[in-house]
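Sequential numbering from 445 applies to the sequence shown in this note's numbering. Ideal Cβ placement from N, Cα and C applies to all residues, glycine included. The structure displayed is predicted, hence computed values, not measured ones. Only one structure is covered here, and it is reproduced in the block below.
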Amino acid sequence: MIPAQFDYETPSTLSEAIALLGQHPDDAKILAGGHSLIPAMKLRLATPQILVDLGRIKDLSYIREEGGQIRIGAMTTHYQLEASDRLREICPLLPECAAQIGDVQVRNKGTIGGSLAHSDPAADWPAAAIALNAEMVAVSANGERVIRADDFFVDMLTTSLEAGEILREIRINVPSGRFGQAYLKVPQPASGFAVVGVAVNLTLNGGGSCESIGVAITGVASKAYRASGVENAIRGNALDEQTIAAAASHSTDGVSVNGDLYASETYRTHLAEVYTRRAIASAASRAK
Ligand SMILES: Cc1cc2nc3c(=O)[nH]c(=O)nc-3n(C[C@H](O)[C@H](O)[C@H](O)COP(=O)(O)OP(=O)(O)OC[C@H]3O[C@@H](n4cnc5c(N)ncnc54)[C@H](O)[C@@H]3O)c2cc1C
């Protein structure tokens, strides 16, 4: 349980961090909260020779509103997002999701950027990011690029971030109109990670029908995914019990569902349907 030897760098600016990654393209790894990377290093699943700690870089930890968007610095901790009264008002899915991550210690150290960049198939943030149509801002020696959440998660522990890129910021359009959101999760009792987690972000029109909807599911497959079949069955319709139940039956369409000792493929498929139904109903009931 002791990691292999490594060097430790503490850049104080983003440019220094980018330069360090450029100097060590094959052996450096970014360290954020360390709550996924350090356990992986202790198990020797990761053996970076250099850790580039982002912890001393100023201005990577913030929650701002700018240009109609919520902008979140990559080093913002789960707890900061959980504790934000402003987010509870304008985008409650974020604090609701944050509050369900691990335990207090994990939420105090773990960061949203680290979680998204890690792309654990059972992590909570990826589902919220997809449901909210988040944009990821990545920086490197080549400049900055913006990646849509739908294009960011490639596979288990794999994102579309390229070597040398640092996830700097997450952007989410401030929800408007009659919007409702929910994040519901079945936690694995030993780890706290999602056996199934469902994020929903919807808006209703004046007549009470669904105008727009984002539904994303984590814990079920090799990566968090958009449940397009569910969205298509809900969009444009009144959110009555039958419509929601029929839509939720599409929650694992086209997905290869994971099975393990705790939750078989059949059980996970069932949980995904039940929790999708509940999350949509909950979001709809919150849309004012
Ligand atoms: C006991 C325990 C329970 C947990 N329970 C849950 C849970 O219920 N739900 C959940 O979602 N998570 C859970 N986690 C994981 C936790 O949320 C981690 O904090 C998170 O996955 C990683 O964030 P971090 O800041 O710790 O990243 P780190 O561990 O420091 O880094 C993770 C990976 O991302 C890369 N990285 C980090 N930051 C950046 C960046 N800005 N740009 C590019 N790459 C970057 C690193 O190089 C590394 O590969 C749990 C962890 C533990 C230890």
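Ligand 1 heavy atom lying under 8 Å from the CB of residue i
{"i": "PRO631", "result": "yes"}
{"i": "ARG515", "result": "no"}
{"i": "PRO447", "result": "no"}
{"i": "ASP547", "result": "yes"}
{"i": "SER480", "result": "yes"}
{"i": "PRO483", "result": "yes"}
{"i": "HIS468", "result": "no"}
{"i": "ASP564", "result": "yes"}
{"i": "THR555", "result": "yes"}
{"i": "MET600", "result": "no"}
{"i": "SER559", "result": "yes"}
{"i": "GLY698", "result": "no"}
{"i": "GLY587", "result": "no"}
{"i": "ILE474", "result": "yes"}
{"i": "LEU628", "result": "no"}
{"i": "ASP568", "result": "yes"}
{"i": "HIS694", "result": "no"}
{"i": "LEU537", "result": "no"}
{"i": "GLN493", "result": "no"}
{"i": "LEU464", "result": "no"}
N-terminal and C-terminal residue of the beta strand (DSSP E) that residue i is part of
{"i": "VAL548", "result": "Looking at the DSSP string, VAL548 is not in any beta strand (DSSP E); the run it does join, the alpha helix (DSSP H), is 548–553."}
{"i": "GLN449", "result": "Careful: GLN449 lies outside any beta strand (DSSP E) and carries neither H nor E."}
{"i": "GLU509", "result": "507–510"}
{"i": "GLY658", "result": "654–662"}
{"i": "GLY517", "result": "513–517"}
Range of the contiguous alpha helix (DSSP H) that encloses residue i
{"i": "TYR711", "result": "709–730"}
{"i": "PHE623", "result": "No alpha helix (DSSP H) contains PHE623, which is instead part of the beta strand (DSSP E) from 622–631."}
{"i": "LYS486", "result": "481–486"}
{"i": "GLY558", "result": "556–562"}
{"i": "GLU526", "result": "522–526"}
{"i": "THR647", "result": "Careful: THR647 lies outside any alpha helix (DSSP H), inside the beta strand (DSSP E) at 638–648."}
Member of the options whose CA lies at the smallest distance from the CA of residue i
{"i": "LYS392", "options": "PRO469, HIS522 and ALA692", "result": "Because the chain is modelled from 445 through 732, residue 392 falls outside the range shown and cannot be assessed."}
{"i": "ASP704", "options": "LYS732, VAL640 and LEU683", "result": "VAL640"}
{"i": "HIS714", "options": "GLU453, ARG730 and ASP697", "result": "ASP697"}
{"i": "GLU609", "options": "ARG679, GLY466 and GLU453", "result": "GLY466"}
{"i": "ILE501", "options": "ASP470, THR454 and VAL659", "result": "THR454"}
{"i": "PRO447", "options": "GLU606, LEU464 and LEU495", "result": "LEU495"}
{"i": "THR491", "options": "GLY546, ILE482, HIS694 and ASN645", "result": "ILE482"}
{"i": "SER656", "options": "VAL674, GLN544 and VAL548", "result": "VAL674"}
{"i": "GLU579", "options": "LYS473, ALA716 and VAL590", "result": "VAL590"}
{"i": "ALA566", "options": "SER480, LEU646 and GLU510", "result": "SER480"}
{"i": "SER582", "options": "THR602, ALA561 and TRP569", "result": "According to the sequence provided, residue 582 is Ala. The question's Ser does not apply to it. Answer by Cα proximity: ALA561."}
{"i": "VAL533", "options": "SER620, ASP497 and GLN544", "result": "Per the sequence presented here, residue 533 reads as Glu, with Val not at that position. For the residues SER620, ASP497 and GLN544, the minimum Cα distance to GLU533 belongs to SER620."}
{"i": "ASN577", "options": "ALA671, GLY658, LYS486 and GLU685", "result": "GLY658"}
Integer Cβ distance of residue i from residue j, believed to fall under 8 Å
{"i": "CYS535", "j": "VAL618", "result": "7 Å"}
{"i": "ILE678", "j": "ALA691", "result": "5 Å"}
{"i": "VAL664", "j": "ALA723", "result": "VAL664 to ALA723, Cβ: 13 Å. No contact."}
{"i": "ILE462", "j": "ALA607", "result": "Not really, about 12 Å apart at Cβ, beyond 8 Å."}
{"i": "LEU646", "j": "ALA731", "result": "7 Å"}
Test: residue i CB closer than 9 Å to a CB of chain C
{"i": "PRO447", "result": "This model lacks chain C altogether, as it is built from one protein chain only."}
Point to revise | Three or more C-beta pairs below 8 Å linking the region 498–516 and the region 603–618 | key: yes
Practice item. Give a yes or no on contact between the region 516–529 and the region 544–564, applying the rule of three or more CB pairs nearer than 8 Å. Key: yes
**Study point:** Any 3 or more C-beta pairs closer than 8 Å across the region 592–611 and the region 567–577
**Key:** yes
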